[in-house]
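Written out below as structure tokens is the structure these notes cover.
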Amino acid sequence: MEVASLRNRLERLGSTVTSQVWRLGYASRFLFHLVMHSGTALRRFRLTVAEIYFAGVLSLIIILVSGLFVGMVLALQGYETLQRFGASESLGVLVALSLVRELGPVVAGLLFASRAGSAITAEIGLMKATEQISAMEMMAVDPIARVVAPRFWGGVISMPLLAALFSAAGIFGGYLVGVQLIGVDAGAFWSQMQAAVDLRNDILNGVIKSVVFGVAVTWISVFEGYDAVPTAEGVSRATTRTVVTSSLAILALDFVLTALMFTGGNH
Amino acid sequence: MSRSMIDLWVGIFVAAGFAGLLFLALKVGNLASFSTNEMYSVHAKFANIGGLKVRGPVKSAGVVVGRVADIRFDNESYEAIVSMNLDAGYQFPRDTTAKILTSGILGEQYVGLEAGGDGVMLKHGDRLRLTQSAVVLENLISQFLFNKASESKEPAK
Chain A
1 MEVASLRNRL ERLGSTVTSQ VWRLGYASRF LFHLVMHSGT ALRRFRLTVA
51 EIYFAGVLSL IIILVSGLFV GMVLALQGYE TLQRFGASES LGVLVALSLV
101 RELGPVVAGL LFASRAGSAI TAEIGLMKAT EQISAMEMMA VDPIARVVAP
151 RFWGGVISMP LLAALFSAAG IFGGYLVGVQ LIGVDAGAFW SQMQAAVDLR
201 NDILNGVIKS VVFGVAVTWI SVFEGYDAVP TAEGVSRATT RTVVTSSLAI
251 LALDFVLTAL MFTGGNH
Chain X
1 MSRSMIDLWV GIFVAAGFAG LLFLALKVGN LASFSTNEMY SVHAKFANIG
51 GLKVRGPVKS AGVVVGRVAD IRFDNESYEA IVSMNLDAGY QFPRDTTAKI
101 LTSGILGEQY VGLEAGGDGV MLKHGDRLRL TQSAVVLENL ISQFLFNKAS
151 ESKEPAK
């Protein structure tokens, strides 16, 4: 009895691991196929432009407003700590470095995953549930090239731009609170920021992060949608999985990228 | 929404995104202060560089005239060799003094150049012979305490 239940549990564990690895392999093959068949999406660029509209333009409001508030909170909190050391002029450095290096790409990525990624998954999943994908296959139209690739590239193009706008809005928010509300000297705020933020080490690395997050989130979103069980419940599960998996992927990738980028040299 | 409206909004979005990147690069980062001018490199040996960092500023009379390019340790003289890239627009006499100074009490450390009186100017690859090391707080305190101790002994004689 005991042995049988233990064996049962082991078998279940084994099959879970195997199916996850199988899914990872399938997802990688899917990505490869997707990139190989991106010709249509790039040649008929209008398809991609429409997806940039859905993934990027419609996410603008939430990204800009969140960025503004994150920057404002950073300035308030940072000022409280910095003024104890008499270093409140470094507020600009604190706000800019935290936004450009970390918060910009990461928070914009999380918002992008929940705002645009879930929509992509739901849309593709519903297309599958209503057999539009199968209909395309019947008409000898590759659904990956026609439906998935434009959404993928639309997301990949939108994400770095959204992250940059998030950081810019955040720094503006930090300026509003720090300089206009609290009264930190505007000259010190900007000049210390410019002296401390490096174009290659900070800004370019932030952009690289946002590109990586964009690829990861959109890949997960289109794959979950394409792989969804074609029922109402299956689509809802796939949407949930997209948000959970992309958020975890963003945070894990962020750790790896930060470790690679900012701890390599000692300057 | 019609197709052309979508195109318009995507155009605005992409333009705004690049404007954001440009804002980060120009206003937040130091792209604007990157001089495209020609630079020339000089180096100096210091007994102690304190907290000087690569890319730290090189200032003369408070004006940034260059950046620290490289910091190495000399195995023979047991000193630090600091290479600096100076803007070719600023010429200094050959007997210029290089000091490691601190901006403010807790500020970053930088190399301060004090021009000498020599008629010959520094060239690319030259070495600044007159240097002054960073002030190490511990040494300063121990010196002060030592002086105090010797002062208080004297009246007892």
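Protein chains in written order, with this note's numbering: chain A, 1 to 267; chain X, 1 to 157.
C-beta: ideal position from N, C-alpha, C; glycine also.
Here the structure is a predicted model, which is why all the values come from computation and not from measurement.
Quick check on residue i - is its C-beta less than 8 Å from some C-beta in chain X?
i        : result
Met193/A : yes
Val256/A : no
His267/A : For His267/A, the pLDDT reaches just 43, beneath the cut-off of 50, and the residue's location in the model is therefore unreliable, leaving the point undetermined.
Ala41/A  : no
Looking at the secondary structure, which residues open and close the alpha helix (DSSP H) in which residue i lies?
i        : result
Phe18/X  : Arg3 to Phe23
Lys128/A : Ser118 to Ala129
Ser41/X  : Where Ser41/X is concerned, there is no enclosing alpha helix (DSSP H), although the beta strand (DSSP E) it sits in stretches over Met39 to Phe46.
Ser246/A : Ala232 to Phe262
Lys59/X  : Where Lys59/X is concerned, there is no enclosing alpha helix (DSSP H), although the beta strand (DSSP E) it sits in stretches over Pro57 to Ser60.
Met193/A : Ala186 to Ala196
Gly214/A : Asn205 to Asp227
Ser66/A  : Leu60 to Leu82
Gly92/A  : Leu91 to Leu97
Val49/A  : Phe45 to Ala55
Met136/A : Gln132 to Met138
Which bits of chain A does residue i rub up against, with CB to CB less than 7 Å?
i       : result
Leu24/X : Val100, Ala164, Ser167, Ala168 and Ile203
Ala16/X : Leu165
Name the chain A residues that come within less than 8 Å of residue i, Cβ to Cβ?
i       : result
Phe13/X : Ile52, Tyr53, Gly56, Val57, Leu60, Ser158 and Leu161
What does residue i touch in chain A if you count any residue whose Cβ is under 9 Å from its own?
i       : result
Ile49/X : Within chain A, no residue comes near Ile49/X; the closest Cβ sits about 13 Å away, beyond 9 Å.
Over what stretch of residues does the beta strand (DSSP E) that includes residue i continue unbroken?
i        : result
Arg67/X  : Val63 to Asp74
Pro105/A : Pro105/A -> not in any beta strand (DSSP E); alpha helix (DSSP H) instead, spanning Gly104 to Phe112.
Lys123/X : Lys123/X -> no beta strand (DSSP E), and no H or E assigned at all.
Gly173/A : Note, Gly173/A: premise wrong, no beta strand (DSSP E); alpha helix (DSSP H) at Ala149 to Tyr175.
His37/A  : Careful: His37/A lies outside any beta strand (DSSP E) and carries neither H nor E.
Asp95/X  : Segment: none, Asp95/X is in no beta strand (DSSP E) and carries neither H nor E.
Asp87/X  : Glu79 to Asp87
Leu130/X : Leu130 to Gln132
Leu113/X : Gln109 to Glu114
Since residue i contacts residue j with CB under 8 Å, what's their CB separation in whole angstroms?
i        : j        : result
Ala238/A : Gly125/A : 5 Å
Gly78/A  : Leu94/A  : 4 Å
Thr131/X : Gly116/X : Contact doesn't hold; Cβ gap of about 12 Å is too wide.
Leu97/A  : Gly170/A : Wrong, their Cβ atoms sit about 11 Å apart, outside the cutoff.
Val58/X  : Arg72/X  : Not quite, the Cβ-Cβ distance comes to about 16 Å (not below 8 Å), so this is no contact.
Leu34/A  : Ile144/A : 6 Å
Ala192/A : Val28/X  : The amino acid occupying residue 192/A in the given sequence is Gln; Ala does not appear at that position. No, Gln192/A and Val28/X are not in contact; Cβ-Cβ is about 11 Å, not under 8 Å.
Gly56/A  : Ser158/A : 3 Å
Ala140/A : Ser59/A  : No, Ala140/A and Ser59/A are not in contact; Cβ-Cβ is about 34 Å, not under 8 Å.
Ile100/X : Lys45/X  : Between Lys45/X and Ile100/X the Cβ distance is about 12 Å, and since that is not below 8 Å, they are no contact.
Just the chain X side, please: which residues come within less than 9 Å of residue i by C-beta, in chain order?
i        : result
Val197/A : Leu24, Val28, Gly29 and Asn30
Ile171/A : Phe23, Leu24, Lys27 and Val28
Since residue i meets chain X, which of its residues come closer than 7 Å, beta carbon to beta carbon?
i        : result
Lys96/A  : Reading off the sequence, residue 96/A comes out as Ala, not Lys. The contacting residues are Val28.
Val271/A : Outside the displayed span of chain A (1 to 267) sits residue 271/A, for which this structure offers no information.
Kindly indicate if chain A contains any beta-carbon less than 8 Å away from that of residue i.
i       : result
Gly20/X : yes
Val10/X : yes
Looking at the C-beta of residue i, does it have a partner C-beta in chain D at a distance below 8 Å?
i       : result
Ala19/X : Looking at the structure shown, chain D is missing, and the protein chains on hand are A and X.
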